[in-house]
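Chemist: Pasting a structure here, questions to come.
Numbering (the UniProt record's numbering), first residue to last: 1 to 343.
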């Protein structure tokens, strides 16, 4: 759950939002009268967050004690000595159940949760091999795990450098499990009617899509298809936009465009395209970015796709040079203009 290249101020805002959104989730769970809350890993960005973060999150969870919470460590918040999970604040939360080992716990009468925690982010053994076949057993069996679902994706999609964590949900369902809840991917993805990535409760990168949701799931007592309801809880709105600068009155039109977006966007990445004069690139666009900074919690202007045009007449008229230097200047600018289209 990394914040990526966010500014320190933006990262602080994101951290605060993540804590307040946890409380929003717990309040929603109480309103929906759920039997249990499942957290499929990476509740924290690091195994050992700051004492302030630990205290804030623990305080939120302690304020909502009526519903049991079942969680597993993910690849970002592994279990061990010195981690958040061994802190006095979390060990004191009686209704918070961290499954640091593979376990089977009864959520309610006839409903069983099989948890598979991440023990190492370098693990490559198929997680479905850890599960028994429960096809002939009584009750409804649910799996909570953290990893790549090989039934529909490949390792080239996410954290391929050092974190595979394979699981095949198709094989899990084939062993008689009624529902598979997966962490690791930060975006909402209903893989099948019985397999769900709820995603992270607050978006953490511009590349994530459809994040900031939780699922309210109703599972029939006979193990039939679950009813999954998608609920928005994320508070930060991220947006990737494109603005064509060609022929625009800069900086004014660019500032107006950003101002309109700011009504419902907090973190903005704005890719600028088109052709502009050199003055626009070196002066008008930087001025526009400065003018837009107060409109957002985090703002990125991307200018690598902009091309520049050179107005030779305007540049030669700017300074009254001696005749000899005027000729040299004219030759240089003409060469620059003729070379614009060359690679």
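We put the CB at the ideal spot given by N, CA and C, even for glycine.
Using a threshold of 8 Å, state whether the C-beta atoms of residue 184 and residue 72 are closer than that.
Modeler: No. Outside cutoff.
Chemist: Skipping 5 residues on each side, what residues in its chain have a beta carbon closer than 8 Å to that of residue 65?
Modeler: Correct list, in chain order: 94, 95.
Chemist: Do residue 104 and residue 114 have their beta-carbon atoms positioned less than 8 Å apart in this structure?
Modeler: Yes, the Cβ-Cβ distance between residue 114 and residue 104 is below 8 Å.
Chemist: Would you mind working out which of 128, 197, 18, 102 sits nearest residue 176, comparing C-alpha positions?
Modeler: The option with the nearest alpha carbon to residue 176 is 128.
Chemist: For residue 58, which of 29, 80, 90 has the nearest alpha-carbon?
Modeler: Closest option to residue 58, Cα to Cα, is 90.
Chemist: What number of angstroms, rounded off, separates the C-alpha of residue 124 from the C-alpha of residue 174?
Modeler: Their backbone Cα atoms lie some 21 Å apart in a straight line.
Chemist: Does residue 305 come out as helix, strand or coil in the three-state DSSP assignment?
Modeler: Correct three-state label for residue 305: strand.
Chemist: Would you list the residues sitting across from residue 22 in a DSSP beta bridge?
Modeler: Note: residue 22 sits in no beta bridge, so no partner.
Chemist: Quick check on DSSP: helix, strand or coil for residue 252?
Modeler: The answer is helix: DSSP assigns residue 252 an H, G or I state.
Chemist: Given that a residue counts as buried once 16 or more other Cβ atoms are within 10 Å of its Cβ, and exposed if not, what is residue 112?
Modeler: When all chains shown are included, residue 112 counts as buried.
Chemist: When DSSP labels each residue in this structure, what does residue 46 get in the three-state scheme?
Modeler: Looking at residue 46 - three-state DSSP - the assignment turns out to be coil, as it is neither helix nor strand.
Chemist: Compute the distance between the beta-carbons of residue 250 and residue 243, then report whether it is under 8 Å.
Modeler: No; because the gap between Cβ atoms is not below 8 Å, this pair is not in contact.
Chemist: From residue 4 to residue 206, what does the alpha carbon distance come to, in whole angstroms?
Modeler: Unreliable placement is indicated for residue 4, whose pLDDT of 45 sits below 50; no coordinate value is reported for it.
Chemist: Let me confirm a value: residue 169 is counted as buried when at least 16 other C-beta atoms fall within 10 Å, else exposed. Which label applies?
Modeler: That one is buried.
Chemist: Which whole runs of the beta strand (DSSP E) in the stretch 259-296 are 3 residues long or more, in chain order?
Modeler: Correct list: 267-277.
Chemist: Using DSSP's beta-bridge definition, name the partner residues of residue 213.
Modeler: Bridge partners of residue 213: 232.
Chemist: What are the complete beta strand (DSSP E) segments, minimum 3 residues, inside the stretch 99-170?
Modeler: Fully enclosed beta strand (DSSP E) runs of 3 or longer: 103-108, 111-115, 140-146.
Chemist: So, at 8 Å on beta carbons, what are the nonlocal neighbours of residue 78 in its own chain, with the 5 sequence-adjacent residues on each side left out?
Modeler: Counting only Cβ-Cβ distances below 8 Å, and skipping sequence neighbours, we find 47, 118, 119, 120, 121.
Chemist: In angstroms, rounded to a whole number, what distance separates the CA positions of residue 87 and residue 37?
Modeler: Cα to Cα, residue 87 sits roughly 21 Å from residue 37.
Chemist: One question on the structure: do residue 272 and residue 261 come within less than 8 Å of each other, judged by their Cβ atoms?
Modeler: No.
Chemist: Let me make sure I understand the geometry here. Which of 7, 22, 81 has the alpha-carbon closest to that of residue 213?
Modeler: Comparing Cα-Cα distances from residue 213 to each of 7, 22, 81, the minimum goes to 22.
Chemist: Taking its Cβ as the centre, do 16 or more other Cβ atoms sit within 10 Å of residue 152, making it buried, or is it exposed?
Modeler: Classification for residue 152: exposed.
Chemist: Determine the contact status of residue 228 and residue 181, defining contact as a CB-CB distance below 8 Å.
Modeler: No, these two residues do not count as a Cβ contact at 8 Å.
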